[in-house]
Amino acid sequence: MAPEPPLPGAEPVTSADTPPLLTMSGITKSFPGVRALDGVDLEVRAGEVHCLLGQNGAGKSTLIKVLAGAHQPDGGRITWRGDTVTLKSPIAAMRLGVATIYQELDLVEGLSVAENVFLGHEPTAAGFVVRGREARNAAAGLLRRLGHPEIDPARLVGELSAAQQQIVSMARALSHDVRLIVMDEPSAALDPDEVANLFRIVADLTADGVAVVYISHRLEEIRRIGDRVTVLKDGRAVAGGLPAKSTPTRDVVALMTGRNVEYVFPERPARAALAEPLLTVRGLTRADEFAPLDLDVRPGEIVGLAGLVGSGRSEILETIYGARKPDAGQVHVDGRALKTGSVRAAVRAGLGLAPEERKAQALLMLESITRNVSVSSMSRFSRGGWLDRGAEFTAARRATRELSLKPDRPSAPVRTLSGGNQQKAVLARWLLRGCRVLLLDEPTRGVDVGARAELYAVIRRLADDGLGVLLVSSEVPEVLGLADRVLVLREGRVVHTAPARDLDEHRVLDLVMEGSPAS
Amino acid sequence: MTHPTTPARQEGPLLDGGGPGSGKSASGGGGGSPWSARLFRADVRTLSLIGVLVGLALIGGLTKPDAFLATSNVQLILTQASVIGVVTVGMTFVITSGGIDLSVGAIVALASVWATTVATQEYGFAGILFTAVIVGLGCGLVNGVLIAYGGMVPFIATLAMLASARGLALQITEGKTQMVTIPSVLDLGERDAYLLGIPPLVLVFAAVTVIGWLVLNRTTFGRRTVAVGGNAEAARLAGIDVRRQRLYLYLLSGLCCGIAAFLLIVLAGSGQNTNGNLYELDAIAAAIIGGTLLSGGRGTVTGSVLGVLIFITIQNIFALNNLESATQQIAKGAIIVAAVLVQRRTSHTP
Numbered sequence: 322m323a324p325e326p327p328l329p330g331a332e333p334v335t336s337a338d339t340p341p342l343l344t345m346s347g348i349t350k351s352f353p354g355v356r357a358l359d360g361v362d363l364e365v366r367a368g369e370v371h372c373l374l375g376q377n378g379a380g381k382s383t384l385i386k387v388l389a390g391a392h393q394p395d396g397g398r399i400t401w402r403g404d405t406v407t408l409k410s411p412i413a414a415m416r417l418g419v420a421t422i423y424q425e426l427d428l429v430e431g432l433s434v435a436e437n438v439f440l441g442h443e444p445t446a447a448g449f450v451v452r453g454r455e456a457r458n459a460a461a462g463l464l465r466r467l468g469h470p471e472i473d474p475a476r477l478v479g480e481l482s483a484a485q486q487q488i489v490s491m492a493r494a495l496s497h498d499v500r501l502i503v504m505d506e507p508s509a510a511l512d513p514d515e516v517a518n519l520f521r522i523v524a525d526l527t528a529d530g531v532a533v534v535y536i537s538h539r540l541e542e543i544r545r546i547g548d549r550v551t552v553l554k555d556g557r558a559v560a561g562g563l564p565a566k567s568t569p570t571r572d573v574v575a576l577m578t579g580r581n582v583e584y585v586f587p588e589r590p591a592r593a594a595l596a597e598p599l600l601t602v603r604g605l606t607r608a609d610e611f612a613p614l615d616l617d618v619r620p621g622e623i624v625g626l627a628g629l630v631g632s633g634r635s636e637i638l639e640t641i642y643g644a645r646k647p648d649a650g651q652v653h654v655d656g657r658a659l660k661t662g663s664v665r666a667a668v669r670a671g672l673g674l675a676p677e678e679r680k681a682q683a684l685l686m687l688e689s690i691t692r693n694v695s696v697s698s699m700s701r702f703s704r705g706g707w708l709d710r711g712a713e714f715t716a717a718r719r720a721t722r723e724l725s726l727k728p729d730r731p732s733a734p735v736r737t738l739s740g741g742n743q744q745k746a747v748l749a750r751w752l753l754r755g756c757r758v759l760l761l762d763e764p765t766r767g768v769d770v771g772a773r774a775e776l777y778a779v780i781r782r783l784a785d786d787g788l789g790v791l792l793v794s795s796e797v798p799e800v801l802g803l804a805d806r807v808l809v810l811r812e813g814r815v816v817h818t819a820p821a822r823d824l825d826e827h828r829v830l831d832l833v834m835e836g837s838p839a840s
Numbered sequence: 008m009t010h011p012t013t014p015a016r017q018e019g020p021l022l023d024g025g026g027p028g029s030g031k032s033a034s035g036g037g038g039g040s041p042w043s044a045r046l047f048r049a050d051v052r053t054l055s056l057i058g059v060l061v062g063l064a065l066i067g068g069l070t071k072p073d074a075f076l077a078t079s080n081v082q083l084i085l086t087q088a089s090v091i092g093v094v095t096v097g098m099t100f101v102i103t104s105g106g107i108d109l110s111v112g113a114i115v116a117l118a119s120v121w122a123t124t125v126a127t128q129e130y131g132f133a134g135i136l137f138t139a140v141i142v143g144l145g146c147g148l149v150n151g152v153l154i155a156y157g158g159m160v161p162f163i164a165t166l167a168m169l170a171s172a173r174g175l176a177l178q179i180t181e182g183k184t185q186m187v188t189i190p191s192v193l194d195l196g197e198r199d200a201y202l203l204g205i206p207p208l209v210l211v212f213a214a215v216t217v218i219g220w221l222v223l224n225r226t227t228f229g230r231r232t233v234a235v236g237g238n239a240e241a242a243r244l245a246g247i248d249v250r251r252q253r254l255y256l257y258l259l260s261g262l263c264c265g266i267a268a269f270l271l272i273v274l275a276g277s278g279q280n281t282n283g284n285l286y287e288l289d290a291i292a293a294a295i296i297g298g299t300l301l302s303g304g305r306g307t308v309t310g311s312v313l314g315v316l317i318f319i320t321i322q323n324i325f326a327l328n329n330l331e332s333a334t335q336q337i338a339k340g341a342i343i344v345a346a347v348l349v350q351r352r353t354s355h356t357p
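Respectively, the protein sequence lines represent chains V and E.
The number in my numbering is simply the position in the first sequence, starting from 1, with 321 added.
The number in my numbering is simply the position in the second sequence, starting from 1, with 7 added.
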């Protein structure tokens, strides 16, 4: 599949006089506290591969969910083949001919391939008796068309590999009369030859006049199969309909990263002679997640891990913390080896984790600030299991005040706090515990832009007080602005290590996306 | 800085101002504040449950003024509430932790028959009490190990225990009622044993309630229970040994069943394999109408005990008015539905 020569101009596939298949204009969508889409425009023509690019949080997922009828936009207009439409539900979108293949495959593992393909629109007799054979034959036909005749329509989906499941997902999309297929990072879980097959399928589809909206972080893929590119940033389309094959990488990256909001980062203190590392990681491995990792964090140092979603960042933090069991390798805190795969051992040794999913993994949403802060240090306020609630309250308040958590009312339910203050409650938990090394996974996710600077200052202050900090973030400027030293990850492997001041955002994005060898 | 979408509805104790010792759960009373303030702060649900109880007492008093308000009838209500009440306190902990124990009735049955076999009765009072408690703990241990370390779903593990314990109870008794012949045990159920008019069984129930409340609201064990139920993953990542906590919780439920079995032996003067029939449903229902969240993360011993008292009082009123037990069942069902609807209104989904 040799890449086609770049076509001249920005109108490579269909001429401008055929009306676009889909036009979305001025689409807005807000979630509590976040404006996910801030007037996005997207135009897709029949038979083209239209790529959506953007950093995490740029609004890609929200946009395709609007397109799939899963989210209702707050404003804007969607026209489909010239008519204004509302996509009230996923079914409505499907009836128009829009099919979406999500990154997280939405198949029922306990049903067969054929049953999954025709789920919700089974061929029936007398309105409710499923014609099993007809469904299997039709499914087999679709699988042949997708180049995978070896998948038996009668097999359970749970027995298939990830790549095969993706094919089934695609067969399901094609089982409808489909005119537009949205693929959300379809290549993320695939081997190179499976990717080649995916590209062949995409080419077949577009040859039949089907449009494909293709989301990927891999620029090289976009160059190979894309026709046009729309770049999203901060909920807006900063560029629409760029020629996919001829736009220089530099320009694409610049569009993705150019920012309206400048974050304010605390100054890095001049570091005296380096102390002995607090946290030492040697050869830590989890097959399929990340390659053997070596890492040191010294007192007062903030070490950043930069990488895309799926690069193994969170997995690394959770494995260091003992929440996942490593296949090999060791973690030392203060020179002492840690029992791997044990959160309790990690906590006792002085590790503290502020996880990525704050509400699901860190907070007790029904409880007060005090109880959320004290949960890891309860033995300090108890004798024989009996809690001294006065001492607990005082200590928790001291910790929250130190981080200027608002409101200064420890009995307030933690669910009433803003994202930034919820994060401070998690940090206060570890401050109270007397932890030595903080592991921060996306510490500013769900935190207002305004509150971020304050959180950065808090993290820097904790480091200045002698804590070691290991920071993971998908926002490259955050890693570069906050960390002293940065490890760049690509697909579970450290591809580059450098002091943060020697790196810039373009360089890091080049490294994580193109994987060019470290210089 | 406050989150814009915060639901406005909150329960009293969480809303009050700061001050040391004022962060407390919904079931909690006050810290260092005067009694009047504590009473005022009791949350809406507890007050409404007390209101329902008062309403029932009025109905009872109006329909059968002489019989219902007689001291002996009040003693009867409280005595009947004791057995299921003790079971419900244990169930409250399990549900607060996000689990469920369907085997409580079967464990009560097994413990009551094991403790009343001829062989056990040779060891007298202590033998019966000891056996009942040990059988309860043993069943709880099996439940706990299967759930905490075997990774079984609580519903399934305790359902299996329900079936096996009932089967074993039937095997031990061969369907016969095992009469208790030890006078010291039987005497506990007699009027002579009442302290200031309070039956000893009721004292046990009261003690279990007070201890249960203290453990849930004032100890690390209680906090861990709430944390595990509220967010097991967060509890694990905060360094809590979630599995061990779960094991302890089913042990606790088993212990309560053992104590309840002993109370039942005293009350009935016998052990029967049909004892404790459908206790699981009564205990779950009482805990839920009391305000314990079935999904875990919030539990109230006070509410559960009030729930038990409401059920037993309804039963009593229906019996006094010679109404069929079928009608009584329907009323029970209606109350559960009403209570859950109220719960949905007053609780918030995070």
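Idealized CB from N, CA, C, for every residue including glycine.
Source: prediction; values computed, not measured.
- Under the DSSP definition of a beta bridge, V/Ala446 partners with V/Val450.
- For E/Phe228, a Cβ of chain V is located within less than 7 Å of the residue's own Cβ.
- The beta carbon of V/Arg781 is closer than 6 Å to those of Pro587 in its chain, skipping five residues each way along the sequence.
- Chain E has a Cβ within less than 7 Å of the Cβ of V/Gln682.
- Across the structure, V/Ile412 and E/Leu327 are spaced so that their CA atoms are roughly 58 Å apart.
- For V/Lys680, no beta strand (DSSP E) segment is defined; the enclosing uninterrupted segment is the alpha helix (DSSP H) at Arg679 to Gln682.
- Note on the region 796–831 of chain V: whole alpha helix (DSSP H) runs with a minimum of 4 residues are 797–803, in chain order.
- A direct Cα-Cα distance of roughly 30 Å separates V/Gly397 from V/Ser490.
- Here the C-alpha atom of V/Arg557 lies approximately 6 Å from the C-alpha atom of V/Leu358.
- DSSP places E/Pro72 in the uninterrupted alpha helix (DSSP H) bounded by Pro72 to Leu76.
- The three-state reading of DSSP puts V/Gln376 in coil, since its state is none of H, G, I, E or B.
- Within the region 317–330 of chain E, contact with chain V at the beta-carbon level (separation under 9 Å) is assigned to no residue.
- Each residue's CA atom was taken as its position, placing E/Ile324 and V/Ser698 some 49 Å apart.
- Inclusion of V/Gly813 and V/Ala612 in the CB contact set at 7 Å is warranted, their separation being smaller than that value.
- The residue among E/Asn238, E/Ala346 and E/Val111 with its C-alpha nearest the C-alpha of E/Leu144 is E/Val111.
- Neighbourhood of V/Val668 in chain E, by CB distance below 7 Å: Gly246, in chain order.
- For V/Leu801, the closest C-alpha among the options V/Leu343, V/Arg822 and V/Ser703 is that of V/Arg822.
- Of the other Cβ atoms in all chains shown, 16 or more fall within 10 Å of the Cβ of V/Pro798; this residue is therefore buried.
- At a beta-carbon threshold of 8 Å, none of the residues of chain V lie near E/Arg253; the nearest stands roughly 15 Å away.
- Within the region 112–164 of chain E, no run of beta strand (DSSP E) at least 3 residues long lies entirely inside it.
- In this structure, V/Arg452 and V/Ala461 do not form a Cβ contact; the two beta carbons are roughly 14 Å apart against a cut-off of 8 Å.
- When rounded, the separation of the alpha-carbon atoms in V/Leu342 and V/Arg500 is 8 Å.
- CA-to-CA, the gap between E/Asp108 and E/Gly97 works out to about 9 Å.
- Leaving aside the five residues that flank V/Val815 on each side, the residues in its chain whose CB is nearer than 6 Å to its CB run, in chain order, Leu808.
- Within the same chain, and ignoring the five residues on either side of E/Thr281 in sequence, the residues whose Cβ sits closer than 8 Å to its Cβ are Ala116.
- A distance below 6 Å between beta-carbons, with the five flanking residues on each side excluded, links V/Ala670 to the following residues of its chain, in chain order: Val654 and Leu659.
- Chain V places no beta carbon closer than 7 Å to that of E/Gly105, leaving this residue out of the contacts.
- Proximity to V/Gly390 across V/Gly705, V/Ser410 and V/Thr383 peaks at V/Ser410, based on C-alpha coordinates.
- Residues of chain V with a Cβ closer than 7 Å to the Cβ of E/Ala241 are, in chain order, Gln682, Ala683, Leu684 and Leu685.
- Under the 8 Å Cβ criterion, the region 120–130 of chain E counts as touching the region 186–195 of chain E, having at least three qualifying pairs.
- Looking at the DSSP output, V/Met345 shares a beta bridge with V/Leu363 and V/Ile399.
- Within the same chain, Leu358, Asp359, Gly360, Pro394, Asp395, Gly396 and Gly397 come within 7 Å of V/Thr349 by CB-CB distance, once the 5 residues on both sides are set aside.
- The C-beta of V/His442 has fewer than 16 other C-beta atoms within 10 Å across all chains shown, which makes the residue exposed.
- For E/Ala214, no Cβ of chain V is located within less than 7 Å of the residue's own Cβ.
- Counted as a single uninterrupted DSSP element, the beta strand (DSSP E) harbouring V/Phe611 occupies residues Phe611 to Val618.
- V/Arg704 sits exposed, since fewer than 16 C-beta atoms from the chains shown fall within 10 Å of its C-beta.
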